[in-house]
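Visitor: Before we start, here is the structure in question, set down as structure tokens.
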Amino acid sequence: MARHRNIRNRSYSDDYDYEDVYGHSVEDDVCLSPSEAAQFLYDRSRNQHAISQFLKSDDILEESEHDDDVDNTRPNFERRESMDLRGLNLSEDDETKLMSCLDELRNVLGDTLSDSILVHEVLKHKFDYSKALDGILNNNKQENANFKPEKPKVVIDSAPIPILEKAPIISTISVDKPILIASKPEAVKGFKINDDTSPNSRPQTPRDQSPAVERISSRNDNFDELRFTSKVKENKVDPHTKFSNERGSDKEYLYIVVIGHVDAGKSTLMGHLLCELGEVSKRTLHKYEQESKKIGKQSFMYAWVLDETGEERVRGITMDIGRAQFETKTKKVIILDAPGHADFIPNMITGAGQADVALLVVDATRGEFESGFDLGGQTREHALLVRSLGVNQLAVAVNKLDTTNWSQERFNEIVKKLKVFLKQAGFKDSDVTFVPCSGLTGENLVKPPSEPELLEWYKGPNLLEVIDKFNVPERPVSKPLRMSINDVFKGTGSGFCVAGRIENGILNKGDKILVCPSKETAEVRNLAINELSTNIAFAGDQVSVTLSGVEMQNVSVGYVLSDPVNIVPVTSHFEARLVVFNVKVPITKGYPVLLHHQSLVESAHISKLKALLNKSTGELLKKKPRCLGNNSVAVVDIKVCRPICIERYKDVKELGRVMLRVSGVTIAAGLVTDIYVD
Ligand SMILES: Nc1nc2c(ncn2[C@@H]2O[C@H](COP(=O)(O)OP(=O)(O)OP(=O)(O)O)[C@@H](O)[C@H]2O)c(=O)[nH]1
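So in UniProt numbering, spot 150 of the sequence shown is number 150, and the numbers just go up one at a time.
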């Protein structure tokens with residue numbers, strides 16, 4: 001039940017400052033001196049590119065030998081101390097430029113490369129320091145790319161070129177047929193009821209015919225072998241074997257985000273479930289009962305289990321993600337209780353971004369379901385958002401059914417309405433389960449129903465059984481490490497901590513990793529899952545990581561911890577396939593948006609409208625459309641105000657999804673289809 005982000009005492013409105021919400025965990029009400037404050041302020045200009053640590057001495061030797069081989073015309077300089085530049089016939093100006101470039105390069109690379117290599121690259125790139133640096137690093141990568149292990153013993157199966165299957169589009173209006181959404185072909189989806197996946201091959205999209213802009217993706221393709229063979233080299237034990245050795249007999253972790261319209265009863269439902277399972281002591285519950293009574297909010301006593309802050313309790317609403325853990329027969333379940341109020345959608349997105357599955361809570365009370373569903377409430381928006389963020393298994397708790405005297409008719413009416421909508425939103429019928437319950441009375445939560453009116457018509461599972469039937473998604477443990485940071489905070493000991501979810505790969509205590517986009521090296525000093533220290537964590541785990549070797553002020557929410565060899569792409573310009581939900585003014589070139597990517601929120605704009613697609617088939621309708629209206633599907637280019645870590649959806653699904661919001665409203669969701677070099 002821990003939460004780190006402190007969002008208390010903030011006044012939220014549609015145009016609130018996102019930096020505040022996603023800033024560091026610093027008490028707002030404490031006065032800070034400028035120097036103290038500086039440590040919590042991120043300044044990109046202070047990045048320290050300590051890339052030298054990734055250039056192993058072997059690689060460097062290989063590089064210099066190779067470079068000498070391929071380029072005999074290169075002057076053979078000695079190391080800098082004894083460097084004589086006279087042979088170069090440089091003007092005084094050029095000599096100064098050369099020396100200054102060498103200094104810059106040394107700042108980044110240290111003394112790991114000989115001056116001859118550096119001078120060669122600087123001259124080759126006409127004293128352009130950045131190009132020279134790129135040249136050096138790319139040469140290094142090329143060297144690695146040419147390296148082939150003798151006989152890789154492990155078959156890495158985790159870098160599939162995923163088949164883009166036809167999956168239902170996410171849209172607010174009815175969509176008869178599915179459109180294209182990429183998905184992992186072999187991942188087990190849905191409840192263990194029936195599975196009717198029918199993967200289709202991806203038809204040509206306009207991006208396949210788009211002009212030859214330099215793309216990181218194509219470069220990445222060239223490095224695929226490097227990306228995965230180097231992992232084989234590093235991790236002698238097959239990651240899957242490691243995973244089953246570590247976790248084999250344990251119950252699997254499952255992360256559930258609890259979503260729904262404000263006051264649907266999410267926190268009460270989860271709080272009561274935890275009490276029934278013995279996760280909350282009777283003493284604590286009694287305390288909550290007494291204290292909530294004192295402020296006239298006794299009906300919220302179960303909600304207090306998850307709504308931990310004073311402001312949440314006084315206001316009777318959830319504001320930030322509440323966490324708690326319990327066990328079912330087969331799983332360790334971590335609940336992420338999301339706020340229902342529209343003002344806190346960014347927090348809800350953060351929770352949904354960490355979840356494997358979702359529990360949608362709807363209020364069955366007459367008039368209440370309708371206001372959450374029909375009248376612009378959050379039921380629809382939350383369901384659309386979680387689906388856009390890749391959640392495809394959903395349980396729907398038809399809650400507060402006690403207020404309708406356990407009416408079967410009301411239950412069926414709600415199920416019917418939701419089924420149609422959820423199908424349009426992209427959920428398969430077989431992946432959605434409806435369960436009648438009451439968070440307040442505890443009916444049908446962990447025990448079979450006891451209300452006679454409910455018993456008359458309901459023979460299905462209780463909420464706990466429904467949760468136990470969720471399938472745990474496949475964990476991509478053998479892919480290169482990617483962990484997106486959703487919190488940065490001071491730990492109890494030395495150093496500082498970052499929290500987030502490992503999307504890909506394995507993280508070990510002691511690992512050297514790269515903090516991106518700033519590309520600083522850091523070491524994993526400590527690792528904890530649910531506040532318990534561990535030596536190893538795998539894809540799918542929510543972890544807190546104590547880092548050393550990097551300054552806290554140089555790390556922000558939205559950053560990614562990356563494998564140091566197979567580095568996460570960093571760019572401010574990418575292509576995405578968007579589904580436009582709801583826009584007051586049609587989207588045109590230059591349209592400004594707030595880009596939500598994992599926990600990151602950045603200003604961005606649509607820089608190019610490339611193609612309008614048929615939302616059912618994905619076929620090209622129009623090249624270079626002038627504007628995009630509601631419910632359209634299009635390929636666009638997006639430019640972010642500064643570089644971010646992003647992946648193509650087909651490479652890393654979780655880092656390949658974006659959400660676009662304007663004035664507190666989600667206007668579009670998209671999949672990253674290409675990434676351009678800045
Ligand atoms: N009658 C009845 N009331 C309920 C039930 N569940 C919750 N409530 C009441 O509904 C109100 C809101 O409950 P919460 O649990 O705070 O709702 P929530 O969805 O978590 O609210 P936010 O997170 O702020 O959106 C409280 O007064 C609860 O007592 C239920 O099953 N039956």
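We put the CB at the ideal spot given by N, CA and C, even for glycine.
Just so we're clear, the structure is a prediction, and the values are computed from it rather than from any experiment.
Taking the alpha carbon of Y302 as the reference point, which residue from V280, F538, A132 and A358 has its own alpha carbon closest?
Guide: Looking at the Cα atoms, V280 is the closest of the given residues.
Visitor: Among the residues of its own chain, which have a CB less than 6 Å from the CB of Y288, if the five just before and after it don't count?
Guide: Excluding residues within five positions, the ones whose Cβ falls inside 6 Å are M301 and W304.
Visitor: For a test of the three-state rule: what should DSSP assign to V565, helix, strand or coil?
Guide: Reduced to three states, the DSSP call for V565 is coil.
Visitor: Excluding the five sequence neighbours on either side, which residues of its own chain have a C-beta within less than 8 Å of the C-beta of I295, listed in chain order?
Guide: Hits under 8 Å: R313 and V314.
Visitor: Alpha carbon to alpha carbon, how far is G540 from A522? Give it in angstroms, no decimals.
Guide: C-alpha separation (whole angstroms): 21 Å.
Visitor: Under the three-state reduction of DSSP, which class applies to L88: helix, strand or coil?
Guide: Helix, per DSSP.
Visitor: Have a look at K639, E654, D651 and G664 and flag the residue whose alpha-carbon is nearest the alpha-carbon of V677.
Guide: It is K639 whose Cα lies nearest to the Cα of V677.
Visitor: When every heavy atom of ligand 1 is checked, does at least one fall within less than 7 Å of the C-beta of V262?
Guide: V262: yes, Cβ under 7 Å from ligand 1.
Visitor: Reducing DSSP to helix, strand and coil, say where E456 ends up.
Guide: In the structure shown, E456 sits in coil (DSSP, three-state: anything other than H, G, I, E or B).
Visitor: Which runs of the beta strand (DSSP E), 3 residues or longer, sit entirely within the region 331-418?
Guide: The qualifying runs are 331-337, 357-363 and 394-399.
Visitor: Assuming M337 and T318 form a contact by the criterion Cβ under 8 Å, report the distance between their Cβ atoms to the nearest whole angstrom.
Guide: Looking at the sequence itself, residue 337 is Asp, so the reference to Met does not match. Yes, D337 and T318 are in contact; Cβ-Cβ is about 6 Å, under 8 Å.
Visitor: With DSSP as the reference, label C101 as helix, strand or coil.
Guide: The answer is helix: DSSP assigns C101 an H, G or I state.
Visitor: What's the gap between the Cα of H257 and the Cα of P592?
Guide: Per the sequence shown, the amino acid found at residue 257 is Val instead of His. The alpha-carbon atoms of V257 and P592 are separated by roughly 29 Å.
Visitor: Under DSSP, the alpha helix (DSSP H) around P239 begins and ends at which residues?
Guide: P239 -> alpha helix (DSSP H) spans P239 to R247.
Visitor: Applying the 10 Å Cβ sphere with the 16-neighbour rule, what's the burial state of T666?
Guide: T666 is buried by the Cβ-count criterion.
Visitor: Quick one: give me the first and last residue of the alpha helix (DSSP H) that V119 is part of.
Guide: V119 -> alpha helix (DSSP H) spans D115 to K124.
Visitor: State the DSSP-derived secondary structure class of residue 679, mapped to helix, strand or coil.
Guide: Nothing in the structure corresponds to residue 679, since the chain is present only between 1 and 678.
Visitor: Kindly indicate which three-state DSSP category T318 falls into: helix, strand or coil?
Guide: Reduced to three states, the DSSP call for T318 is coil.
Visitor: What residues match up with A324 in a beta bridge as DSSP calls it?
Guide: BP columns for A324 point to I335.
Visitor: Hey, would you say S544 sits closer than 8 Å to C516, going by beta carbons?
Guide: Going by C-beta atoms, S544 is not nearer than 8 Å to C516.
Visitor: Drop a sphere of 10 angstroms on the beta-carbon of V446, count the other beta-carbons inside from all chains shown, and report buried for 16 or more, exposed for fewer.
Guide: The residue is buried, with at least 16 neighbouring Cβ atoms inside 10 Å.
Visitor: Do you know offhand how far L306's Cα is from L401's?
Guide: Answer to the nearest angstrom: the Cα atoms are 22 Å apart.
Visitor: For the region 446-516, which segments carrying the alpha helix (DSSP H) assignment without a break, of at least 4 residues, lie completely within its bounds, in sequence order?
Guide: DSSP runs (the alpha helix (DSSP H)) wholly in the region 446-516: 452-455 and 463-468.
Visitor: What whole-angstrom Cβ distance do K623 and A611 have, given they're in contact under 8 Å?
Guide: Going by Cβ atoms, the distance from K623 to A611 rounds to 6 Å, so yes, they are a contact pair.
Visitor: Excluding the 5 residues flanking F147 on each side, which residues of the same chain have their C-beta closer than 7 Å to its C-beta?
Guide: Caution is warranted here: a pLDDT of 37 is assigned to F147, below 50, making its placement in the model unreliable, and the coordinate value is therefore given only provisionally. Excluding positions up to five away in sequence, the list is empty.
Visitor: Please list the terminal residues of the continuous alpha helix (DSSP H) segment that includes R283.
Guide: From DSSP, the alpha helix (DSSP H) with R283 extends over K282 to K294.
Visitor: Give me, in chain order, the residues of the same chain whose beta-carbon lies closer than 6 Å to that of P393; leave out the 5 immediate sequence neighbours on both sides.
Guide: Sequence check: residue 393 is Gln here, not Pro. The answer, listed in chain order, is G190, V357, D431 and F470.
Visitor: In three-state DSSP terms, what is S533?
Guide: If DSSP states are grouped into helix, strand and coil, S533 belongs with the strands.
Visitor: Closest by CA to S548, which one among V580, N530, I513 and N566?
Guide: For the residues V580, N530, I513 and N566, the minimum Cα distance to S548 belongs to I513.
Visitor: Would you list the residues sitting across from Y255 in a DSSP beta bridge?
Guide: In the DSSP output, where bridge partners are listed per residue, Y255 has I334.
Visitor: Report all residues from its chain with a CB closer than 6 Å to the CB of Q298; omit the five preceding and five following residues, and keep chain order.
Guide: Cβ within range, chain order: S292.
Visitor: Looking only at C-alpha atoms, which of K509, S130, L464 and V262 sits nearest to C275?
Guide: Comparing Cα positions, the closest option is L464.
Visitor: Residues in its own chain within less than 8 Å of V362 by CB, not counting five upstream and five downstream?
Guide: Closer than 8 Å at Cβ, skipping near neighbours: G260, H261, A264, F369, G372, F373, T379, V396, A397, V398, N399, I414 and L418.
Visitor: Skipping 5 residues on each side, what residues in its chain have a beta carbon closer than 6 Å to that of K608?
Guide: Closer than 6 Å at the Cβ level, and outside the excluded window around K608, lie D637.
Visitor: Am I right that R501 and S484 are in contact with their C-beta atoms under 8 Å? What's the rounded C-beta distance?
Guide: R501 to S484, Cβ: 6 Å. Contact.
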